[in-house]
Amino acid sequence: MLPEHHPIFKCQPFETGRLKRFVCHSESNDHKTVVVEGNSIKWCLPEESEYKFVDFTAITNCTNAVLNSLGTLLCLYSDRELQILSLDGAHSRETPIEYRIPVSRGVKQVLWHPNARLDSCFVVLTPSDEICMYELLSENVTEPTGVWNSSTFKPGTDTTVRDIVSIAFSNDGMTLYALNTSEGADIYSIYPFLPSEVELSDDAIQYCFHKALLQYNGLADGDSPQTKHQVTRQLQFASQLHTQLQKHRSEPGKTDPLVLPVSSSFRKAVMQGPYTINPFPERLYLATAVQLNTLNLNDNTSEILLISFDDGTILHCFPDSEPTMAWESVEVCQNNSLVTIKAMNLPGLIAVTSKSAFVVLSPQKASLVDVSRLTKTIDQALRDCDISELAEADLSEQIIEQQGSFETATLWSTGLQFVLLSKTSTSHLDIPTSKKTLIPREQKHIEKSTQRRPYDQPMTELLALNKKVQSLMKTPLSTTIEPRLRQVKLDNASNEEQLSVLTDISKELLTRVMVAQTSVLSLHTRVMGQQGELTKQLEMVCEIKTKKKEICEKLIPQQERWRCVEKKNESIKNRFTALQHKLKQISASDEIKSRPIARSEMEWFMEVKNQISKFNRLVYSQRDLNETLSVLKTELEYVKVDGNSTTPGAVDDVSWEELRELLAKDAKIIGECQAELQTAANELG
Numbered sequence: 006m007l008p009e010h011h012p013i014f015k016c017q018p019f020e021t022g023r024l025k026r027f028v029c030h031s032e033s034n035d036h037k038t039v040v041v042e043g044n045s046i047k048w049c050l051p052e053e054s055e056y057k058f059v060d061f062t063a064i065t066n067c068t069n070a071v072l073n074s075l076g077t078l079l080c081l082y083s084d085r086e087l088q089i090l091s092l093d094g095a096h097s098r099e100t101p102i103e104y105r106i107p108v109s110r111g112v113k114q115v116l117w118h119p120n121a122r123l124d125s126c127f128v129v130l131t132p133s134d135e136i137c138m139y140e141l142l143s144e145n146v147t148e149p150t151g152v153w154n155s156s157t158f159k160p161g162t163d164t165t166v167r168d169i170v171s172i173a174f175s176n177d178g179m180t181l182y183a184l185n186t187s188e189g190a191d192i193y194s195i196y197p198f199l200p201s202e203v204e205l206s207d208d209a210i211q212y213c214f215h216k217a218l219l220q221y222n223g224l225a226d227g228d229s230p231q232t233k234h235q236v237t238r239q240l241q242f243a244s245q246l247h248t249q250l251q252k253h254r255s256e257p258g259k260t261d262p263l264v265l266p267v268s269s270s271f272r273k274a275v276m277q278g279p280y281t282i283n284p285f286p287e288r289l290y291l292a293t294a295v296q297l298n299t300l301n302l303n304d305n306t307s308e309i310l311l312i313s314f315d316d317g318t319i320l321h322c323f324p325d326s327e328p329t330m331a332w333e334s335v336e337v338c339q340n341n342s343l344v345t346i347k348a349m350n351l352p353g354l355i356a357v358t359s360k361s362a363f364v365v366l367s368p369q370k371a372s373l374v375d376v377s378r379l380t381k382t383i384d385q386a387l388r389d390c391d392i393s394e395l396a397e398a399d400l401s402e403q404i405i406e407q408q409g410s411f412e413t414a415t416l417w418s419t420g421l422q423f424v425l426l427s428k429t430s431t432s433h434l435d436i437p438t439s440k441k442t443l444i445p446r447e448q449k450h451i452e453k454s455t456q457r458r459p460y461d462q463p464m465t466e467l468l469a470l471n472k473k474v475q476s477l478m479k480t481p482l483s484t485t486i487e488p489r490l491r492q493v494k495l496d497n498a499s500n501e502e503q504l505s506v507l508t509d510i511s512k513e514l515l516t517r518v519m520v521a522q523t524s525v526l527s528l529h530t531r532v533m534g535q536q537g538e539l540t541k542q543l544e545m546v547c548e549i550k551t552k553k554k555e556i557c558e559k560l561i562p563q564q565e566r567w568r569c570v571e572k573k574n575e576s577i578k579n580r581f582t583a584l585q586h587k588l589k590q591i592s593a594s595d596e597i598k599s600r601p602i603a604r605s606e607m608e609w610f611m612e613v614k615n616q617i618s619k620f621n622r623l624v625y626s627q628r629d630l631n632e633t634l635s636v637l638k639t640e641l642e643y644v645k646v647d648g649n650s651t652t653p654g655a656v657d658d659v660s661w662e663e664l665r666e667l668l669a670k671d672a673k674i675i676g677e678c679q680a681e682l683q684t685a686a687n688e689l690g
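If you want the working numbering, it's the 1-based position in the sequence shown plus 5.
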């Protein structure tokens, strides 16, 4: 189903253009889609024709919504407040479970940590360039469990990085990248960047351990003591993870993901950077970076960094060196660098990314950038450990544009499309055919099994809207008229204050009327839909009744025929049972086995043997006659070709009549022999 036709993207009546809509999707395979509109949350899977709904009280001045990778927790945030909503089982409750977290430092950007236990940890970038980590499983969810890049925790101002405008996680979730704009565009990183409890896969732990071991074995005599200390401590940390993994594997029946606690000493990682970017386009020295995103590759360990600039340039960079974990000193010189793969010019900000495509939104249009050629080539180069393919391969991108002013975008239909939303409309961009993934059979089955027409709004949404209307009807107006104003006539020269109060009352009444009209229109639409459904069901009932009469007319002869077939089948079954019983008796009878052969039977067997011998002799005789006939035919052909006589009767001297009579006698003898053999076989049977 196209997103334009799905009811989850339809705006509320009388609310079109008034409420800002947010849309996001989960990173898991189901691609759960969540839409936030005003004080309502709607979510569904792409293959579902109906959506789930829950009503809540949203924070004021909400600027964005972020969904965790499992699709269970939704974060709404404003400049000073966070609101965390639980979507797991929320449709069965009147209001979802929520946490409200005031952030005195302010909120600039929020990301969910991909490696946190139960996906319950998020990271906040503040306007003061602090990076705060909040864990919902901690004792106090309103206080951060870790603060990075804070001048209040570290003396001096040279240890902090200022002017951070954007952050992004690496593909494996172990590194947090930060974009600094003090010098235009500098990339910093925190590695490792982990919560107090991490949930890692076996492959991630194995990769971390082998990488640390390889870097430890690669230490040279000329390396500084600080570098050796950092690499050694990195190996110690990776070894602890690997040891716990081996212990987890040794326990029978353990199939759950491995959850590991991380000590506070290993969580105190420091900021590394700035990264060198080579080559760096000269025109970008006059530009300023505004956004940082990552494009994850298929190996689950590598990524492409997308750096957006205010002049419309999007720089594609790839880390060409493996970083080392750093905890203690920022003065250690880290060899962290990025290589520039390509630079493209496309004004706007990146709204959403997938494995090999991303969407850029600008005030005039939305652009889908397909970089599948680039990602495939880099994936192949990483597998082959050969970068020579990058020099000859076609790394060009494919851009698909959609005119219009859109505010947000997300993936839709299991990665087949990007849905675009504005305040008043819904559109989509198709990912090129070469990148589309097939819909699983289970999803196709679900789509085909849905026979009835879905309603635009679920019953839970209608009940919540009706409850809101009933509550407004019972609640007095918030605007009150002071007693002194009540005593003054309205038609006086100085009635501005009275008119102002009446204006506020009118606005509140109009808002309530609008809510009531929305409820009435929704109920009317629902009733019309149910009426159409009832009409369809009545038509089907009439059709069934009509066919029932025809079925009853054909039922009686078919039942009679069925009884005859069943009776005959029972008779055959009884005969087979009796025959089987008789054969078992014969095979089990010792009397029959020990009974001597009668004289008549011996004579009969002797006659059969003689007939068989006679038949064999006749067969040999026929074979000889056939050979003789073939020789005669060959000689006759020679006579026809080489003979000098032209008399037609020259060949008539050969007596063919005797040969024919002889063959007829042989055929008669063979026929009699076959008849006798057939008679003998019947007597044996």
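Glycine included, every Cβ here is placed at the ideal spot set by N, Cα and C. As the structure is a computational prediction, the values presented were derived from the model and not from experiment.
Less than 8 Å between the beta carbons of residue i and residue j, yes or no?
i, j, result
"I210", "L141", "no"
"E513", "S476", "no"
"V374", "I346", "no"
"L184", "V170", "yes"
"F323", "I309", "yes"
"T134", "V112", "Thr is not the amino acid found at residue 134; the sequence shown has Asp there. Going by C-beta atoms, D134 is not nearer than 8 Å to V112."
"L300", "F198", "no"
"I64", "E42", "no"
"I355", "L302", "no"
"N154", "I136", "yes"
Quick check on this structure: which residue in the options has the alpha carbon closest to the alpha carbon of residue i?
i, options, result
"S307", "S244, S361, L560, V71", "S361"
"I46", "T465, E86, I106, E188", "T465"
"V236", "A274, D168, M330, V267", "M330"
"K25", "N120, N298, T413", "T413"
"Q249", "E287, I282, V203, Y290", "V203"
"N69", "D399, V28, W567, P8", "V28"
"S125", "P149, M478, D134, P481", "P149"
"W332", "T232, P284, T358, F411", "T232"
"A121", "W153, G111, P200", "P200"
"M179", "F242, D226, P352", "F242"
"F214", "A225, P230, R238", "R238"
"L205", "L218, P286, P119, E501", "P119"
"L634", "V613, I617, E663", "E663"
"T523", "L641, T551, V474", "V474"
"R628", "A672, Q536, E144, K614", "A672"
Assuming residue i and residue j are in contact, meaning their beta carbons sit under 8 Å apart, how far apart are those beta carbons, in whole angstroms?
i, j, result
"V193", "Q114", "With the sequence shown as reference, residue 193 is identified as Tyr, and Val is not the correct amino acid for it. Rounded, the Cβ-Cβ distance is 15 Å, inconsistent with contact."
"A274", "T318", "About 31 Å; that fails the 8 Å criterion."
"G151", "Y290", "The pair is not a contact, with the Cβ atoms about 35 Å apart (cut-off 8 Å)."
"G353", "L366", "5 Å"
"N73", "D60", "The pair is not a contact, with the Cβ atoms about 21 Å apart (cut-off 8 Å)."
Around the C-beta of residue i, are 16 or more other C-beta atoms found within 10 angstroms, so that it is buried, or is it exposed?
i, result
"L515", "exposed"
"R604", "exposed"
"R105", "exposed"
"C16", "buried"
"I195", "buried"
"G76", "buried"
"D191", "buried"
"H10", "exposed"
"F581", "exposed"
"P463", "buried"
"K37", "buried"
"H433", "buried"
"G676", "exposed"
"Q422", "buried"
"W417", "buried"
"P481", "exposed"
"D177", "buried"
"Q683", "exposed"
"N621", "exposed"
"I577", "exposed"
"E700", "Given a span of 6 to 690 for the chain in the structure shown, any question on residue 700 remains unanswerable."
Complete runs of the beta strand (DSSP E) confined to the segment 28-52 [at least 3 residues]: 38-42, 45-49
task: Enumerate, from N- to C-terminal direction, the unbroken beta strand (DSSP E) stretches of 3 or more residues contained entirely within the segment 113-151.
output: 114-117, 126-130, 136-140
- prompt: Fully enclosed by the segment 160-235, which beta strand (DSSP E) runs are 3 residues long or longer?
  reply: 169-174, 181-185, 191-195, 202-205
field: Secondary structure, alpha helix (DSSP H): runs of 4+ residues fully inside the segment 534-611
entry: 595-599
Beta strand (DSSP E) runs wholly inside the segment 62-92, at least 3 long, in chain order: 69-72, 78-82, 86-91
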